[in-house]
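Trainee: Below: one structure in structure tokens.
There are 2 protein chains.
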Amino acid sequence: MADDPLSTTFAALADPTRRAILARLAEGAATVKELSEPFAMSGPAVSKHLRVLERAGLITRGRDAQWRPCTLDATPLREVTEWADGFRRFWDDSHRRLDAYLERMKEQEDDH
Amino acid sequence: MADDPLSTTFAALADPTRRAILARLAEGAATVKELSEPFAMSGPAVSKHLRVLERAGLITRGRDAQWRPCTLDATPLREVTEWADGFRRFWDDSHRRLDAYLERMKEQEDDH
DNA sequence: CAGTTAGATAACCGAGTGGTTAGGTACCCA
DNA sequence: TGGGTACCTAACCACTCGGTTATCTAACTG
Numbered sequence: 000m001a002d003d004p005l006s007t008t009f010a011a012l013a014d015p016t017r018r019a020i021l022a023r024l025a026e027g028a029a030t031v032k033e034l035s036e037p038f039a040m041s042g043p044a045v046s047k048h049l050r051v052l053e054r055a056g057l058i059t060r061g062r063d064a065q066w067r068p069c070t071l072d073a074t075p076l077r078e079v080t081e082w083a084d085g086f087r088r089f090w091d092d093s094h095r096r097l098d099a100y101l102e103r104m105k106e107q108e109d110d111h
Numbered sequence: 000m001a002d003d004p005l006s007t008t009f010a011a012l013a014d015p016t017r018r019a020i021l022a023r024l025a026e027g028a029a030t031v032k033e034l035s036e037p038f039a040m041s042g043p044a045v046s047k048h049l050r051v052l053e054r055a056g057l058i059t060r061g062r063d064a065q066w067r068p069c070t071l072d073a074t075p076l077r078e079v080t081e082w083a084d085g086f087r088r089f090w091d092d093s094h095r096r097l098d099a100y101l102e103r104m105k106e107q108e109d110d111h
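If you read the sequences in order, they're chains A and B. If you count the first sequence from 1, position 15 lands on 14 in numbering that gives the first Met the number 0, and the numbers rise without skipping. If you count the second sequence from 1, position 3 lands on 2 in numbering that gives the first Met the number 0, and the numbers rise without skipping.
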């Protein structure tokens, strides 16, 4: 996998378990144990997923006695939407109409 | 890699070469050769990237004599932004203010 | 202290990735 | 018909990924 920030973020999101973890964290911080509950997989597996999310900057991990509470950090998701927004005109009808309008304007300019 | 649609899309986007290909296709259809130009890699490597993009539904490939023109299909990107929008309140200040407002309303309700 | 709980690390495995080179297919053109 | 161009497939390589079990550390609790 490439190691530029956007690629790291996309790669981290390319797994339903990790997206479910983020969805859970959207409701508030949680311990590793709590995050593991919904999944039929071992602790170390969840640990690995969390490390991927941490490296992508999507979560931060604190410390409270023997617990390591995870909290969501959605900043990288903003970059994701900003990137995808560059393609909005290809699916958004209103943007498509605006594109067509600008195209007509440009053609009028060219007529001069 | 998981094979659900969203994971497939995210995985396809987790590579700068593939994102550059999509950016190029945003300016119009292109042949495999044209898409290869900017990259210092062999033809088969580009072919593989295109196959990943095709499996993710991000491009479609036509046929014109010995050329296989690629065109962009951004529909999966809409799903991406829709998913990320579920987290918008964690980075968007205006949404954060709305959240706080709703929270205060809820507290007032609880006082009754 | 011993025992339990939360969690990380290490070593391993099968499958997939991203690249290569070599060779094959399909089409156009002289 | 023969040659060049566009593209794909096959086989291979080093590496990563997502999972496992076994083992370790760190902290609380009796």
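We treat Cβ as the ideally placed atom computed from N, Cα and C, and that holds for glycine. Every value quoted in this text rests on a predicted model; they were computed, and no experiment measured them.
How about the stretch 9 to 20 of chain B and the stretch 24 to 41 of chain A: do they share at least three Cβ pairs that are nearer than 8 Å?
Mentor: Result no; under three Cβ-Cβ pairs closer than 8 Å.
Trainee: Could you give the C-beta distance for A1(A) and F9(B), rounded to a whole number, given that I count them as a contact under 8 Å?
Mentor: In the first sequence, residue 1(A) corresponds to position 2, counting from 1. In the second sequence, residue 9(B) corresponds to position 10, counting from 1. Not quite, the Cβ-Cβ distance comes to about 14 Å (not below 8 Å), so this is no contact.
Trainee: Please report the straight-line C-alpha distance between D112(B) and T59(A), rounded to a whole angstrom.
Mentor: Since the first residue shown for chain B is 0 and the last is 111, residue 112(B) is missing from the structure and cannot be characterised.
Trainee: In the DSSP assignment, what are the bridge partners of D92(B)?
Mentor: Numbered from its first residue, the second sequence carries residue 92(B) at position 93. Answer is none; D92(B) lacks a bridge partner.
Trainee: State the DSSP-derived secondary structure class of D3(A), mapped to helix, strand or coil.
Mentor: Indexing the first sequence from 1 puts residue 3(A) at position 4. D3(A) falls in the coil class under three-state DSSP.
Trainee: Just curious, the beta strand (DSSP E) that R50(A) is in, first and last residue?
Mentor: Here residue 50(A) is taken as the residue at index 51 of the first sequence, counted from 1. No beta strand (DSSP E) holds R50(A); the alpha helix (DSSP H) holding it covers 42 to 54.
Trainee: What in chain B is Cβ-close to V45(A), meaning under 7 Å?
Mentor: Taking the first residue of the first sequence as position 1, residue 45(A) is located at position 46. Correct list: empty, because the minimum Cβ distance to chain B is about 15 Å.
Trainee: Does L71(A) come out as helix, strand or coil in the three-state DSSP assignment?
Mentor: On the first sequence, residue 71(A) is found 72 positions in, with the first residue counted as 1. Here L71(A) sits in strand by DSSP.
Trainee: Counting along the chain, where does the beta strand (DSSP E) carrying T59(A) start and finish?
Mentor: Here residue 59(A) refers to the residue found at position 60 of the first sequence. 58 to 60 is the span of the beta strand (DSSP E), which, as asked, contains T59(A).
Trainee: Looking at the secondary structure, which residues open and close the alpha helix (DSSP H) in which A29(A) lies?
Mentor: Residue numbering aside, residue 29(A) sits at position 30 when the first sequence is read from its first letter. From DSSP, A29(A) is part of no alpha helix (DSSP H); its letter is neither H nor E.
Trainee: Using a Cβ-Cβ cutoff of 9 Å, what residues of the stretch 12 to 29 of chain B are near chain A? List them in chain order.
Mentor: Under the 9 Å Cβ criterion, the stretch 12 to 29 of chain B contributes L12, A13, D14, P15, T16, R18, L21, A22, A25.
Trainee: Quick check on DSSP: helix, strand or coil for D117(A)?
Mentor: The structure shown has nothing for residue 117(A), since chain A only spans 0 to 111.
Trainee: Check the Cβ of L49(B) against every Cβ in chain A and list those closer than 8 Å, keeping chain order.
Mentor: For the purposes of this step, residue 49(B) is taken as residue 50 along the second sequence, with counting starting at 1. What L49(B) touches in chain A: nothing, since even the nearest Cβ is about 17 Å away.
Trainee: Which chain B residues sit within Cβ distance under 9 Å of M40(A)?
Mentor: Translated into positions along the first sequence, residue 40(A) becomes position 41. Going along chain B, no residue has its Cβ under 9 Å from M40(A), so there is no contact; the nearest lies around 13 Å.
Trainee: Measuring CB atoms only, is the stretch 55 to 73 of chain B touching the stretch 86 to 100 of chain A, in the sense that at least three cross pairs come out at less than 8 Å?
Mentor: With a cut-off of 8 Å, the stretch 86 to 100 of chain A and the stretch 55 to 73 of chain B count as touching, because enough Cβ pairs lie within range.
Trainee: Compare the C-alpha of R67(A) against each of L49(A), W82(A), R95(A) and name the closest.
Mentor: For the purposes of this step, residue 67(A) is taken as residue 68 along the first sequence, with counting starting at 1. The shortest C-alpha separation from R67(A) is found at L49(A).
Trainee: Taking 8 Å as the threshold (C-beta atoms), are L34(B) and W90(A) in contact?
Mentor: For the purposes of this step, residue 90(A) is taken as the residue at position 91 of the first sequence. For the purposes of this step, residue 34(B) is taken as the residue at position 35 of the second sequence. Not in contact: W90(A) and L34(B) (Cβ atoms no closer than 8 Å).
Trainee: Which residues in chain B have a C-beta closer than 9 Å to the C-beta of S35(A)? List them in chain order.
Mentor: In the first sequence, residue 35(A) corresponds to position 36, counting from 1. Going along chain B, no residue has its Cβ under 9 Å from S35(A), so there is no contact; the nearest lies around 18 Å.
Trainee: For a contact meaning CB atoms closer than 9 Å, what does L71(A) contact in chain B?
Mentor: Residue 71(A) sits at position 72 when you count from the first residue of the first sequence. Going along chain B in sequence order, the residues near L71(A) (Cβ under 9 Å) are F86, F89.
Trainee: For a contact defined as C-beta to C-beta under 8 Å, what are the partners of A10(A) on chain B?
Mentor: Locating residue 10(A) in the first sequence gives position 11, counting from the first residue. Within chain B, the residues near A10(A) are F9, A10, A13.
Trainee: Could you check if S93(B) is buried or exposed, using at least 16 other CB atoms within 10 Å of its CB as the buried criterion?
Mentor: By 1-based counting over the second sequence, the position of residue 93(B) is 94. So S93(B) ends up on the exposed side.
Trainee: Return yes when the Cβ of E78(B) is within less than 8 Å of the Cβ of L5(B), no when it is not.
Mentor: Your numbering for residue 5(B) matches position 6 in the second sequence. Your numbering for residue 78(B) matches position 79 in the second sequence. In contact: L5(B) and E78(B) (Cβ atoms closer than 8 Å).
Trainee: My output table needs one value for P15(B): the three-state DSSP class, helix, strand or coil.
Mentor: Taking the second sequence and counting its residues from 1, the one referred to as residue 15(B) is at position 16. The answer is helix: DSSP assigns P15(B) an H, G or I state.
Trainee: Of all the options R103(B), E108(B), T30(B), which has the alpha carbon lying nearest to the alpha carbon of D63(B)?
Mentor: Numbered from 1 along the second sequence, position 64 holds the residue referred to as residue 63(B). Nearest option by C-alpha distance: T30(B).
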